[in-house]
Amino acid sequence: MRLIRRYGGDGRRTGSWPYFAVTGVAVAAAALASARAVDADGDWYRSLRKPLWEPPPRAFGAVWTPLYATIAYAGGRALATAPNRRERGLLAASLAANLTLNAGWSRLFFGLRSTRAGLAGTVLLDVSNGELIRRVARTDRTAAAALLPYATWCAFATALNASIVRQN
């Protein structure tokens with residue numbers, strides 16, 4: 001797809017909606033894949049000992065919905081403001097890897113019914129979050145800042161997963 005490159009008064013490229021559309025679709029696909037694998041009401045998950053500080057189940061949907069929206073926003077913004085094709089490709093690859101790890105955690109934890117595999121997956125996601133934020137910050141600091149709540153929530157999820165591993 002050929003885009004007309006125009007720049008607004010703030011130096012940002014206009015006509016960037018395709019980047020937001022692509023990241024929106026990619027994030028929605030990751031969210032759907034993750035949601036399909038989660039079985040928080042299943043016997044296996046209910047049988048696990050969990051820390052007292054585990055949020056109630058309804059909190060997860062309430063938190064993930066805006067987090068996914070910010071990932072799509074930050075990804076679209078960073079891709080639209082990338083200085084060149086090479087950097088845009090690296091950003092896209094970093095975002096794709098991150099979303100794959102994001103969706104993969106549910107398969108590791110719930111699909112395999114493995115708290116340890118889930119912990120390994122969430123640690124990898126945390127590393128990916130750091131790399132994604134670093135790469136996005138080189139292009140757009142506002143977009144990188146928008147990813148901080150996502151990285152924070154994932155770090156919390158890592159601590160929760162680690163606690164579940166220890167208790168079981």
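In the UniProt record's numbering, the protein residues as written are 1 to 168.
Using N, Cα and C, we set each Cβ at its ideal position, and we do this for glycine too.
Does DSSP put residue i in a helix, a strand or coil?
i, result
"Val22", "helix"
"residue 210", "This structure cannot speak to residue 210, because the chain is shown only from 1 to 168."
"Ala40", "coil"
"Leu48", "coil"
"Leu132", "helix"
"residue 179", "The structure shown does not extend to residue 179, since the chain is modelled only from 1 through 168, so no value can be given for it."
"Asp140", "coil"
"Arg113", "coil"
If the criterion is Cβ atoms closer than 8 Å, does the pair residue i and residue j meet it?
i, j, result
"Ile71", "Tyr150", "yes"
"Ser128", "Ala97", "yes"
"Leu147", "Ala74", "yes"
"Leu101", "Thr139", "no"
"Phe110", "Ala37", "yes"
"Ala103", "Ala33", "yes"
"Val165", "Thr115", "yes"
"Asp126", "Thr158", "yes"
Write down the C-beta distance between residue i and residue j rounded to the nearest angstrom, noting that I regard them as a contact closer than 8 Å.
i, j, result
"Leu48", "Asn168", "5 Å"
Give the single residue among the options whose Cα lies nearest to the Cα of residue i.
i, options, result
"Asp41", "Thr81, Glu131, Arg58 and Val165", "Arg58"
"Leu119", "Ala28, Leu160, Val25 and Leu32", "Leu160"
"Trp64", "Thr81, Asp43, Ala82 and Ala35", "Ala35"
Taking the beta carbon of residue i as the centre, do at least 16 other beta carbons fall within 10 Å, making it buried, or is it exposed?
i, result
"Leu112", "exposed"
"Trp17", "exposed"
"Arg85", "exposed"
If you measure from the beta carbon of residue i to each beta carbon in chain C, is any gap under 8 Å?
i, result
"Pro51", "The chain labelled as chain C is not found in the depicted structure, where only one protein chain is given."
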